[in-house]
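Chains as they are written, first to last, in the working numbering: chain A, 2 to 134; chain B, 2 to 134.
Just below is one structure, and these are the notes that go with it.
2 protein chains.
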Amino acid sequence: MGKIKKQVLNDIPNSTPWNPAEQNNAVTFQYQLDDDHLQSAAFLARSLSDSNRLRILLSISGGKKSVSAIVEELDLSQPLVSHHLKELKRSLLVKVEREGPFIYYELSDARILDVLRILSDVATDLLSSRKTF
Amino acid sequence: MGKIKKQVLNDIPNSTPWNPAEQNNAVTFQYQLDDDHLQSAAFLARSLSDSNRLRILLSISGGKKSVSAIVEELDLSQPLVSHHLKELKRSLLVKVEREGPFIYYELSDARILDVLRILSDVATDLLSSRKTF
DNA sequence: TCAGCATATAAATAAACATTTATATGATGA
DNA sequence: TCATCATATAAATGTTTATTTATATGCTGA
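Set out below in structure tokens:
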């Protein structure tokens, strides 16, 4: 079954020293996640909490795309795509670039894909081993 | 007004097999993230989108804790903690265990901590040029 | 049985959110 | 300039959500 490669997590840049420890197939970090960090994480998680937004993010993860290209590819209405792009811009998850009448959007940090991969894996595992509930 | 059944993680279809073929060459992706997986990821992300819920998750990430212990530690009202724990249980992110009058909750998958770490790091980097979102 | 503690649930409220429909803004070429 | 395409914004709507207050349920010892 699919597990994300560990070196993806090891590649995470950070300025704090850390001691990884194995637990449940995950690298647990022992440096602190204070309330401010949790609030930032919650804010970004909120941006990732809509599946249409995730479809958009994935669509622009391989390179910049115009709004109309996204609209056609995902079969969503143009105002809806613009709305979600605005939200994603607010959370700095996309880079914007104008070229003539076109406006191009692009995923600003590829680690978001790692997050989505982990969440998807976790969901799969939780659903297959839900013996507890 | 027609009541719509609240979505639980189990409701999300996960029967689509992994596709070992690679098509997204931007990042080290091993499997396809199809719409079902994105929906699962969005569902879990939604559970992580509240900072009080993240504080609770972090609080029970090192081992099981009773509701009252969480309440005291985080200085939140008991109904609020119970409410959030119910949401976390709905998304299978916590394990529950009764012991006499006490009910213990525990993080069910440590990879969630990796997700929070990454999100926090990404937020820090994205915000490096400003103060808040 | 009852009292008391631990936890869950219900009800109410205000805010946030996703989506649709309609309209506005802005760039480009004729 | 005008017409048209690309995108953004506004308004409206129904839904979800976080939180508070109040009450109910469940367990245990006396």
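Glycine included, every Cβ here is placed at the ideal spot set by N, Cα and C.
*Integer Cβ distance of Ile119(B) from Val116(A), believed to fall under 8 Å*: Contact flag correct, Cβ pair sits at about 5 Å.
*Using a Cβ-Cβ cut-off of 8 Å, state whether Ile57(A) counts as contacting chain B.*
Not an interface residue.
*Hey, how far is the Cα of Val123(B) from the Cα of Gly101(B)?*
Distance between the alpha carbons of Val123(B) and Gly101(B): 42 Å.
*Can you have a look at Gln33(A) and say buried or exposed, based on whether 16 or more other CB atoms are within 10 angstroms of its CB?*
So Gln33(A) counts as exposed.
*asked:* Using a Cβ-Cβ distance cut-off of 8 Å, determine whether Val123(A) contacts chain B.
replied: For Val123(A), the answer is yes, since a Cβ of chain B falls inside 8 Å of its Cβ.
_Residues of the region 28-47 of chain B whose Cβ lies closer than 8 Å to any Cβ of chain A, in chain order_ = Within the region 28-47 of chain B, the qualifying residues are Val28, Thr29, Phe30, Gln31, Tyr32, Leu34, Asp36, His38, Leu39, Gln40, Ser41, Ala42, Ala43, Phe44, Leu45, Ala46, Arg47.
*Determine the chain B residues that contact Leu81(A) at a beta-carbon separation under 7 Å, and present them in chain order.*
The premise fails here: Leu81(A) is roughly 15 Å from chain B at the closest Cβ pair, so nothing lies under 7 Å.
*What residue range is occupied by the uninterrupted alpha helix (DSSP H) comprising Ile71(B)?*
That run of the alpha helix (DSSP H) goes 68-75.
*Starting from Ile104(A), follow the alpha helix (DSSP H) in both directions and report where the run begins and ends.*
From DSSP, Ile104(A) is part of no alpha helix (DSSP H) but of the beta strand (DSSP E) over 103-108.
*asked:* So with CB distances below 7 Å, who are the chain B contacts of Ser92(A)?
replied: Result: Phe134.
*Which residues mark the beginning and the end of the alpha helix (DSSP H) in which Lys90(A) is found?*
That run of the alpha helix (DSSP H) goes 79-91.
*Would you verify that the beta carbon of Ser72(B) is, or is not, closer than 8 Å to some beta carbon of chain A?*
With the sequence shown as reference, residue 72(B) is identified as Val, and Ser is not the correct amino acid for it. Not an interface residue.
*Answer yes or no: do Leu94(A) and Ser109(A) have a C-beta to C-beta separation smaller than 8 Å?*
Taking 8 Å as the cut-off, the beta carbon of Leu94(A) is found closer than this to the beta carbon of Ser109(A).
*Between which two residues does the alpha helix (DSSP H) harbouring Ser125(A) extend?*
Contrary to the premise, residue 125(A) reads as Thr rather than Ser in this sequence. Residues 112-129.
*asked:* Less than 8 Å between the C-beta atoms of Phe103(A) and Ser67(A), yes or no?
replied: Yes. Within cutoff.
_Alpha-carbon to alpha-carbon, Val72(B) and Leu39(B)_ = For Leu39(B) and Val72(B), the distance between alpha carbons rounds to 33 Å.
*Measure from the C-beta of Leu89(B) to each C-beta in chain A and report whether the shortest distance is under 8 Å.*
No, Leu89(B) lies away from the interface with chain A (no Cβ there is under 8 Å from its Cβ).
*Nearest to Leu114(B) by CA position, among Asp126(B), Leu45(B), Arg91(B), is which residue?*
Minimum Cα distance to Leu114(B) is reached at Leu45(B).
*So, is the C-beta of Asp51(B) closer than 8 Å to a C-beta in chain A?*
Taking Cβ atoms only, chain A reaches closer than 8 Å to Asp51(B), which makes this a yes.
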